[in-house]
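Okay, so here's the structure we're looking at.
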Amino acid sequence: MILVDTGVLVALVNRRDVNHEACREWFLATPVADLAIPSPLIAEICYMIALRGGPGAEHLFLLDLADSLYGQIVEVTEGDLRRMAELVRRYGDLPLGGADASVIAIAERLEVHEVATIDRRHFAVVRPEHVPRLTLLPHDLTSFG
């Protein structure tokens, strides 16, 4: 399983995004059955898609998401929320927000080692409990968040 962070999906649906091609090539080469999207990211993804592409783009994204075209949705548990709170406190100097903390908490719970993200600044710093560091994908980004 690979957890997919906000920036990858935003770049994937926005052809003008500097990382669109890298994210598109990675997405097309990766089985959708291997992909999972943390539920706390959905509102953030929709906001960013609507901001860049308007309500029509957001509408189409939500329909595609409902049809599992980008992977399965993973819900957070009470334990994830407690871990998210701990991560937000521990990495407050980054600052690490709830959205990124949800990706890490879910990765720890499900023992996921790979995260598709443009946000190298946060995910390269955080040390999850289950592995020394997460493998960040795609490898060939033009610009890092």
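Counting in numbering that gives the first Met the number 0, the sequence shown runs from 0 upward without gaps.
Ideal Cβ placement from N, Cα and C applies to all residues, glycine included.
Source: prediction; values computed, not measured.
Pull up the CB-CB distance for residue i and residue j, whole angstroms please, since I reckon it's below 8 angstroms.
i      : j     : result
Thr76  : Gly6  : Incorrect: roughly 24 angstroms between the Cβ atoms, too far for contact.
Ala42  : Ala49 : Rounded, the Cβ-Cβ distance is 11 angstroms, inconsistent with contact.
Val124 : Leu93 : 6 angstroms
Leu140 : Asn18 : 5 angstroms
What do you reckon, are the CB atoms on residue i and residue j nearer than 8 angstroms?
i      : j     : result
Val114 : Ile1  : yes
Ser101 : Leu11 : no
Ile105 : Pro54 : no
Give the DSSP-derived three-state secondary structure of residue i in the structure shown.
i      : result
Leu50  : helix
Arg123 : The question names Arg, but residue 123 is Ala in the sequence shown. Three-state DSSP puts Ala123 in coil, outside helix and strand.
Leu135 : strand
Val7   : helix
Glu85  : helix
Ile117 : coil
Val73  : strand
Leu64  : helix
Leu2   : strand
Arg108 : helix
Gly91  : coil
Gly96  : coil
Would you give the residue range spanned by the beta strand (DSSP E) that residue i belongs to?
i     : result
Ile36 : Leu34 to Pro37
Could you spell out the range, first to last residue, of the alpha helix (DSSP H) harbouring residue i?
i      : result
His129 : Here His129 belongs to no alpha helix (DSSP H), and DSSP marks it neither H nor E.
Arg15  : It is not in any alpha helix (DSSP H) - Arg15 carries neither H nor E in the DSSP assignment.
Enumerate in chain order the residues of its own chain whose CB-to-CB distance from residue i is below 8 angstroms, with the five nearest sequence positions on each side excluded.
i     : result
Gly97 : Pro39, Met83 and Val87
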